[in-house]
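Below you'll find the structure, written out as structure tokens, and then a few comments.
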């Protein structure tokens with residue numbers, strides 16, 4: 031990251047009145063804040079593309095935003111940071127330092143690069159693992175969970191769960207008809223002939239469907255979940271790999287249930303089953319296009335398809351204590367997955383990310399036309415929701431779950447100012463009133479207050495904190 035980019039990110043954060051996934055502010059007027067800084071150093075070192083620690087910016091408690099207060103001795107702070115990285119962390123990072131003039135003050139910006147995989151989780155040596163490892167979650171640092179820590183370790187070792195052997199499965203458990211159909215289709219795409227011969231198993235091994243497990247070849251987890259002859263959930267290892275779908279009458283889980291279904295089967299069957307359940311439980315209208323009568327669903331089919339396919343493809347299949355869930359409410363659709371986003375993917379970069387937790391599952395379902403080109407699917411969701419006149423989707427990533435919300439038409443009646451505020455919330459998680467004023471320039475304070483109040487009244491956002499510490503976040 032160059033100097034111009036760093037200055038831009040710092041100014042954007044100051045203007046919004048909030049730290050970001052990429053920028054963390056530190057007040058160094060009382061000396062080097064070592065304890066808090068090493069936590070942020072750990073979280074940025076574990077984050078894809080790292081982050082920026084800025085010394086010389088303090089929180090204004092009365093207005094709940096940030097102000098530039100400057101630093102007294104940038105050279106001493108730089109020395110403190112270098113010592114911290116060299117002596118207190120499990121690996122030494124090459125930090126980049128920038129002494130910058132900003133609003134008549136001098137600040138120190140420190141770019142923290144992403145740590146190399148072999149040293150992750152990047153952590154505080156004195157505290158060890160898991161207590162000394164942190165992760166960036168939105169605009170805050172939090173302790174890494176044990177599941178996340180295992181993800182980092184497996185990633186460093188090149189261990190992809192879906193390439194492991196399916197313990198209770200044998201080759202005869204795979205559907206030969208489905209496999210041959212798949213291989214023929216793949217051969218046609220490559221403009222070559224397919225013939226089942228003595229290299230058949232070798233071909234399946236090359237594409238991750240089968241693997242040598244000891245002396246025998248067995249289905250991989252990916253191979254079995256996609257190409258099983260019978261429902262994979264019949265085997266104990268896979269019995270929780272079910273999609274629990276519910277249609278509620280109102281806008282909350284305590285309202286009456288109108289329809290429900292547990293969707294099982296192979297992964298492609300689950301994607302089809304989820305989409306069918308959603309389409310039968312949302313509104314449908316007809317319109318005349320040219321001379322034809324065209325049916326139009328309340329939500330764009332293509333956006334639904336991408337969201338449900340991504341839920342199946344990127345689920346953390348190591349977690350078997352709970353299910354993937356689809357909840358349809360009067361005003362939105364929510365898709366919930368156990369486990370958080372794959373390593374390297376964040377709510378902020380999800381539109382452009384090409385990372386996948388389950389590389390074989392993703393590749394084979396892409397071959398079966400269940401996945402768009404890598405990195406395009408989420409962008410398609412945004413585009414289609416906009417074409418339908420609906421709000422952009424919301425992504426919620428926590429320590430043990432990931433949720434996608436598609437807002438319906440009842441939540442989408444916003445003016446241009448309110449839309450700007452919502453789009454900022456969708457990407458950054460929260461906003462202050464002052465941050466909203468900075469976002470929607472040349473707008474009276476009372477107008478911004480009206481916009482926030484209206485968004486709260488329709489259930490889109492909620493207010494957190496008392497009068498002087500108030501901020502707003504998504505209600506979902």
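Residue numbers (our numbering): 31 to 506. For every residue, glycine included, the Cβ atom is placed at its ideal position computed from N, Cα and C. Everything numeric in this text was worked out from a predicted model, so none of it was measured.
When the options are compared against residue i, the one with the closest alpha-carbon
i	options	result
residue 375	148, 386, 208	386
residue 59	49, 295, 212, 88	88
residue 82	251, 39, 114	39
residue 251	447, 37, 134, 203	203
residue 379	118, 79, 115, 57	79
residue 143	122, 154, 183	122
residue 162	76, 193, 135, 279	76
residue 438	489, 454, 220	489
residue 193	249, 244, 318, 183	249
Proximity of residue i and residue j at Cβ, strictly below 9 Å
i	j	result
residue 70	residue 223	no
residue 72	residue 152	yes
residue 196	residue 267	yes
residue 501	residue 461	yes
residue 348	residue 180	yes
residue 50	residue 111	no
residue 86	residue 132	yes
residue 190	residue 484	no
residue 506	residue 424	yes
residue 137	residue 84	yes
residue 125	residue 140	yes
residue 106	residue 62	yes
residue 165	residue 176	no
Simplified DSSP state of residue i, which is helix, strand or coil
i	result
residue 507	Coverage of the chain is limited to positions 31 through 506, which leaves residue 507 absent and any answer about it impossible.
residue 278	strand
residue 97	strand
residue 87	strand
residue 368	strand
residue 211	helix
residue 314	strand
residue 171	strand
residue 442	coil
residue 153	strand
residue 427	strand
residue 483	helix
residue 494	strand
residue 517	The chain is shown from 31 up to 506; residue 517 falls before or after that span and cannot be answered.
residue 380	coil
residue 448	helix
residue 328	coil
residue 323	strand
Own chain residues within Cβ distance below 6 Å of residue i, not counting five before or after
i	result
residue 300	273, 293, 342
residue 367	341, 345, 354, 432
residue 333	411, 414, 415
residue 371	427, 432
residue 208	257
residue 233	none
residue 212	none
residue 435	362, 364, 424, 506
7 Å CB neighbourhood of residue i in its chain, flanking five on each side removed
i	result
residue 33	128
residue 275	290, 291, 293, 304, 307, 356
residue 1	With the chain running from 31 to 506 in the structure shown, residue 1 is simply not present.
residue 529	Absent from the model: residue 529. The displayed extent of the chain is 31 to 506, so no value can be given.
Sequence-distant residues of its chain with Cβ nearer than 8 Å to residue i (five each side left out)
i	result
residue 309	327, 331, 334
residue 311	277, 288, 289, 358
residue 231	201, 240, 247
query = Touching or not, the stretch 417-428 and the stretch 437-446, by the rule of three or more beta carbon pairs under 8 Å?
reply = yes
inquiry  = Three Cβ pairs or more, each shorter than 8 Å: is that satisfied between the stretch 315-327 and the stretch 257-271?
reply    = no
inquiry  = Is it the case that the stretch 197-217 contacts the stretch 225-245, given that we only count it when at least three CB pairs across the two stretches are under 8 Å?
reply    = yes
task = Inspect the CB distances between the stretch 394-403 and the stretch 469-476 and report whether three or more fall short of 8 Å.
result = no
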